[in-house]
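Protein chains in written order, with this note's numbering: chain L, 1 to 325; chain H, 326 to 650.
The beta carbon of each residue, even a glycine, is placed where N, CA and C say it ideally should be.
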């Protein structure tokens, strides 16, 4: 079978022939139709991830067919979450490094990681869902406890998690405000149902958010960095900021006086539990949410797809078509 | 009646004669037996508090007699909390600036702020309880959701909130670990039932806490500052750090990667609601907790008491004896 292999960090991926995987006990072979990229894949190619082992097939997201359940499946990429809903166990891992991932024609996965493909989604849309949908669901509803009457600010629209977060939050009945450095991305988010969008590059944008929408109940952020202090200013008393990433790095200067006097909750979130995955699928099915696919590349064009992820020009998920059969 | 008056910031308090307060509708006059200091009083004398108005009588904590309820009362110093349990309203204020406080022979307070003095406490012990007990209770149980099976680290032992927090946490069945820059204070905390104490001035103390006690469920901190990042390292996956103060200032760097990957909860807490105050009193009564009184000064020695607060040499609350009658 063919697979996109990372033979060494900071090298291009190579499409090469590999032996088909074999299913062990309680494992299933999935013939992949589509896969999707996550920023994690890019970090690994750059050597910026702990414990990298090569050669390896990257890819956490995939949809395809299997001789199991309803035959058409998507994969929950979070393995060994453990028994505590509030946090993953020490054995938790994400599919695609160290285990071979979804940028391949075939993959072997434990049975319990397989879920039926949502019927309203194509394989490409389905492949766009798992890791981003899981991360967004947990950040919004488990860690952020979003209520339908509330207003949520979702930062850095364009990334896969932020895009599906807009859709899930709207489905939950919340008012959604987005931020981006790109007016074009803001316009796309508003076309999806966001109520307003703000350029975070504009001076004093946080006060403008508050002037127009009042203090904010929940902020879901994947960036951190210098902009984090403005999120603290934007949050309402008793409000919550959930971080699922820190692409802009460390937050300098945390003004704890604001945090304690306004009784804020600064909460970390990463991926999600099997219960989160299942709840996310239910919501996506019930509301017929379609993940935004930015562009579909052939598996053989995996390096072009990674290049797009590198410059963050996408809006939604970058998908790889693995097989049309 | 006599009162300790702050006529101007950065001046000494002056014991002077003032007209007795008059009770309006649904208000009660309390003849104070004892009052207690909080760091807030010191900040105000130094001009380091928003909205200072002089002349004013400071003091948030007091116990005395009133022609109301069970005659012997303590005062809940948090006014106008509002209807949301999760955070105070915009009208919230603490007794003692702008309203005249407890460093006086008499004070007028709204009826609903009065609670029966816990029967096992002297007036001086009772005066030591309100603001510190309220703050510690909310930080531990509402914001920190401490469970009896858990381990809690309480930082900066010696302060009034930290001292009563030790007692409340032990009463709840938790394992208590303390930190201080003073071995003498650590020894006192262990005599009160803390399981262990660590000098936060010692290199690598956080790893030592983890080596001996494993990762920590809950950390209750009133300092912030440079030491904050070590609290993040100390917390267990899914753990919580509650801040009720930032005497050491801004936390310079917040490593969001650690926060999101370990799904930490960084939670602010300030004072508490009337429900918190009532629950705190129940717990103090049920377990016959006696707040630690560091030293009792005469009302006329209020400036000496403030001086002790300034250098933080106390262990427990600094109390003013207002009247023996």
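Per DSSP, the continuous alpha helix (DSSP H) segment holding residue 133(L) begins and ends at 130-137. If you keep only unbroken beta strand (DSSP E) runs of at least 3 residues inside the segment 437-514 of chain H, you get 439-441, 476-479, 500-505. Of the residues assessed, residue 6(L) falls on the buried side of the cut-off, its CB having 16 or more other CB atoms within 10 angstroms. If you check each beta-carbon in the segment 249-273 of chain L against every beta-carbon of chain H, the ones closer than 7 Å belong to 250, 251, 252, 253, 254, 255, 256, 257, 259, 260, 261, 262, 263, 264, 265, 266, 267, 268, 269, 270.
Residue 130(L) holds the alpha-carbon nearest to the alpha-carbon of residue 60(L) among 73(L), 147(L), 12(L), 130(L).
Check the Cα spacing between residue 441(H) and each of 382(H), 401(H), 420(H): the tightest is with 401(H). Annotation: residue 264(L) to residue 371(H) spans about 27 Å, alpha carbon to alpha carbon. Taking a contact as a CB-CB distance under 8 Å, the pair residue 457(H) and residue 434(H) does not count as one, their CB atoms being some 19 Å apart. Residue 111(L) counts as exposed, since fewer than 16 other C-beta atoms from the protein chains shown sit within 10 angstroms of its C-beta. In terms of CA proximity to residue 425(H), 369(H) leads the group 474(H), 369(H), 409(H), 464(H). Note on geometry: alpha-carbon atoms of residue 103(L) and residue 593(H) lie some 43 Å from one another. The beta carbon of residue 416(H) is closer than 6 Å to those of 405 in its chain, skipping five residues each way along the sequence. Residue contact check for residue 214(L) against chain H: no CB pair falls below 7 Å.
Listed in chain order, the non-local C-beta contacts of residue 64(L) below 6 Å within the same chain comprise 30, 31, 32, 33, local neighbours out to five positions each way being set aside. Chain-ordered listing is empty here: chain H has no CB closer than 9 Å to the CB of residue 47(L), the nearest sitting near 16 Å. Shown here for residue 159(L): same chain residues with a beta carbon closer than 7 Å to its own, the five before and five after excluded, namely 222 in chain order.
Rounded to whole angstroms, the gap between the alpha carbons of residue 168(L) and residue 119(L) is 18 Å. Taking a beta-carbon distance threshold of 7 Å, residue 98(L) does not count as an interface residue toward chain H.
DSSP, read as helix, strand or coil, puts residue 242(L) in strand. Contact with chain L is found for residue 571(H), since one of that chain's Cβ atoms lies less than 7 Å from the residue's Cβ.
Under the Cβ criterion (8 Å, minimum of three pairs), the segment 554-562 of chain H does not count as touching the segment 201-209 of chain L. Given a length threshold of 3 residues, each whole run of the beta strand (DSSP E) inside the segment 213-287 of chain L is given here in chain order: 216-221, 235-243, 251-254, 265-268. Between residue 243(L) and chain H, the shortest Cβ-Cβ separation is below 7 Å.
Contact annotation: residue 144(L) and residue 14(L) have beta-carbon atoms that are not nearer than 7 Å. Between residue 196(L) and residue 177(L), the C-beta gap is smaller than 7 Å, which places the two residues in contact. Around the beta carbon of residue 193(L), a 10 Å sphere encloses fewer than 16 other beta carbons of the protein chains shown; the residue is thus reported as exposed. Going by C-alpha positions, residue 227(L) is about 27 Å away from residue 374(H).
In the DSSP secondary-structure assignment, residue 622(H) is bridged to 645(H). In the structure shown, the three-state DSSP call for residue 334(H) is coil. For the options 305(L), 324(L), 142(L), 323(L), the alpha carbon positioned closest to that of residue 316(L) is the one of 305(L).
Of the other Cβ atoms in all chains shown, fewer than 16 fall within 10 Å of the Cβ of residue 191(L); this residue is therefore exposed. Relative to the Cα of residue 179(L), the nearest Cα in the group 202(L), 170(L), 26(L), 280(L) belongs to 202(L).
A distance below 6 Å between beta-carbons, with the five flanking residues on each side excluded, links residue 8(L) to the following residues of its chain, in chain order: 54. Under the Cβ criterion of 7 Å, residue 24(L) is not counted among the residues facing chain H. Residues of the segment 602-621 of chain H with a Cβ closer than 9 Å to any Cβ of chain L: none. Boundaries cannot be given for residue 52(L), as no beta strand (DSSP E) includes it and DSSP labels it neither H nor E.
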